[in-house]
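This report refers to the structure that appears directly beneath it.
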């Protein structure tokens with residue numbers, strides 16, 4: 007399970023970084039979204055992976071999941087969601103102001119790359 | 005005293021809520037609420053400094069949950085001084101904004117107050133996840149403020165600033181996830197206790213986590229190579245917003261200072277985290293900032309580069325741990341925040357009188373009142389470049405003295421002195437273009453009406469450096485005492501966790 011999780015986080019981060027470095031704002035937003043997914047999963051894993059363990063002290067249970075990362079990840083999801091929404095609004099505004107969705111808000115010169 | 009500690013966070017939050025719910029009542033209503041709240045914030049922070057001056061820690065457990073299980077706010081001399089600094093900067097910036105800038109978009113006042121919530125919270129918190137939350141509060145407000153006023157330049161600067169900071173927040177979260185995963189706590193004092201017990205097999209990962217954290221703080225403080233957003237964003241923001249932003253980079257410096265002295269210095273494998281690179285990078289920051297001052301085409305961009313230089317100066321000294329360097333950083337932080345904030349306002353005041361030439365560094369029409377604005381410029385320029393006799397000079401002397409025992413003494417001295425010389429020359433050239441070479445054969449543009457509020461805000465910040473110089477004895481004494489308290493880790497830990505903390509931790513399944 008650890009291997010699957012770490013591979014998943016790694017792939018998400020790799021794709022996120024690639025997309026964030028792209029030249030169109032839409033890809034950048036997708037990249038930010040992927041990065042925030044990766045980070046959220048990482049926080050969750052910070053409390054260790056356990057199967058069938060509740061984050062509650064129930065009578066008779068000896069194994070508990072750590073409840074704190076679950077609270078942290080909730081905060082992180084809310085903040086990440088709000089930020090992403092703002093970036094979307096801002097990207098639309100920049101497109102409106104400049105007429106292009108390039109991240110530099112200037113359309114690059116045509117020509118051999 | 006008990007609840008006084010949370011006032012600097014609750015008061016602006018309340019003001020923001022009132023402004024937001026009552027924003028249909030018009031701008032005058034918002035202005036009064038915002039002004040009164042900031043005034044009250046200033047008096048509250050004066051009281052906090054007065055109580056911190058005695059040298060005791062005040063710890064406020066939110067919801068009365070004891071540390072490390074709950075979140076605590078910690079007031080010591082340093083955080084009290086930073087909260088006071090925020091209020092001292094915010095009030096003139098707000099007055100200046102009330103002179104007309106706040107009418108150029110919606111919801112200026114709620115955003116301004118939320119920005120204060122975030123800044124004060126970041127200074128007061130004793131919990132690293134809470135620090136993240138307050139960082140986000142101040143960032144979200146700053147995104148809104150940066151875009152305030154609209155226009156192509158601001159949309160463009162916002163896009164860069166926001167994307168960069170969102171990615172920075174992701175790094176912050178990743179660092180926190182690793183720190184919590186490895187150390188099992190997020191409270192500063194508790195982290196300091198747990199850190200020396202980390203088994204050797206885990207040390208590399210813990211070190212990486214803190215390195216990520218340091219990168220995030222370096223991004224906020226605008227250290228090369230993470231500082232290219234700063235001239236773009238600060239140069240595009242409206243003057244009162246840029247003036248308030250002058251303290252945002254200092255939040256990064258403060259976080260670095262706090263983490264390195266309380267937590268990192270406590271274990272051998274993290275104590276040398278800054279050693280191999282920070283001084284060098286800070287010197288490059290100073291050099292590039294100086295080059296930026298020479299190359300900038302607009303006065304507000306010049307000031308943005310000056311902010312970057314001040315970051316470089318402080319971080320070059322942070323790398324040399326000790327009471328003297330911390331005291332120098334604290335004094336310089338007070339000085340440079342107020343002076344660069346005032347410079348942003350001054351650049352706008354000059355731009356207002358030059359019609360379409362604005363603050364471009366080119367010959368333009370005659371300024372209406374060259375004596376008053378010119379004297380203000382002289383005071384600010386002397387203070388910011390570190391020429392005697394004003395506070396910039398004292399601050400730089402303190403910084404230079406504090407590195408005198410370090411092997412990096414010579415490069416730091418050369419960088420600081422050369423940069424001061426170049427900045428002084430560049431500012432003199434700028435002054436002669438702006439004030440002494442007016443175009444006289446063209447019709448002058450109509451001068452905008454004068455605004456008492458704007459002048460008041462501007463003069464208050466311009467007077468900051470002379471006042472800091474007159475009171476330099478007591479201010480540097482306070483900075484010294486704050487630095488001594490800051491490096492006294494044991495006292496901090498005892499104040500937060502109690503004299504003999506016995507925290508029962510359940511062993512994690514491995």
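Residue numbers (the working numbering), protein chains in the order written: chain A, 7 to 119; chain B, 5 to 514.
C-beta atoms are modelled at their ideal positions from N, C-alpha and C, and glycine is treated no differently.
Item	Value
Between the C-alpha atoms of residue 284 of chain B and residue 421 of chain B, what's the straight-line distance to the nearest angstrom?	16 Å
I need the DSSP call for residue 63 of chain B, collapsed to helix, strand or coil.	strand
Please tell me whether residue 11 of chain A and residue 69 of chain A are closer than 7 Å, where the distance is taken between their beta carbons.	no
The beta strand (DSSP E) spanning residue 77 of chain B covers which residue range?	76–79
In whole angstroms, what is the alpha-carbon distance linking residue 440 of chain B and residue 139 of chain B?	43 Å
Report back the beta-carbon spacing between residue 387 of chain B and residue 426 of chain B to the nearest angstrom; my notes put them in contact at under 8 Å.	Going by Cβ atoms, the distance from residue 387 of chain B to residue 426 of chain B rounds to 16 Å, so no, they are not a contact pair.
Whose CA, out of A/40, A/72, A/53 and A/98, lies closest to the CA of residue 62 of chain A?	A/72
In whole angstroms, what separates the C-alpha of residue 210 of chain B from that of residue 197 of chain B?	14 Å
According to DSSP, what are the bridge partners of residue 131 of chain B?	B/191
Exposed or buried, which one is residue 7 of chain A when buried takes at least 16 other CB atoms within 10 Å?	exposed
DSSP three-state label for residue 7 of chain B, please.	coil
For residue 160 of chain B, count neighbouring Cβ atoms within 10 angstroms of its own Cβ and tell me buried if that reaches 16, exposed if not.	buried
Mind checking who residue 30 of chain A pairs with in its DSSP beta bridge?	A/108
Measuring only between beta-carbons, confirm whether residue 86 of chain B sits less than 7 Å from chain A.	no
Under 7 Å Cβ to Cβ from residue 53 of chain B, same chain only, skipping five residues before and after it: list those, please.	84, 85 and 88
Could you tell me whether the Cβ of residue 61 of chain B comes closer than 7 Å to any Cβ of chain A?	no
Using DSSP with H/G/I as helix, E/B as strand and the rest coil, what is residue 514 of chain B?	Residue confidence for residue 514 of chain B is low, a pLDDT of 48 falling below 50, so the modelled location carries little weight; the figure read from the coordinates is stated next. Here residue 514 of chain B sits in coil by DSSP.
Taking the continuous alpha helix (DSSP H) assigned at residue 356 of chain B, which residues delimit it?	327–356
Could you pull out every residue in the same chain whose Cβ sits closer than 7 Å to the Cβ of residue 249 of chain B, ignoring the five residues on either side in sequence?	146, 238 and 241
As a quick exercise: from B/103, B/153 and B/190, pick the residue whose alpha carbon is nearest that of residue 132 of chain B.	B/190
Consider the Cβ of residue 99 of chain A: report whether some Cβ of chain B lies at a distance smaller than 7 Å.	yes
Check this for me: beta carbons of residue 130 of chain B and residue 171 of chain B, under 7 Å apart or not?	no
According to DSSP, residue 364 of chain B sits in a beta bridge with which residue or residues?	B/302
According to DSSP, is residue 140 of chain B part of a helix, a strand, or is it coil?	helix
Report the rounded CA-to-CA distance for residue 539 of chain B versus residue 447 of chain B, giving the unit in angstroms.	The question about residue 539 of chain B has no answer here: the residues shown for chain B are numbered 5 through 514.
Residue 42 of chain A versus chain B: which residues are under 9 Å apart at the beta carbon?	170, 173, 174 and 177
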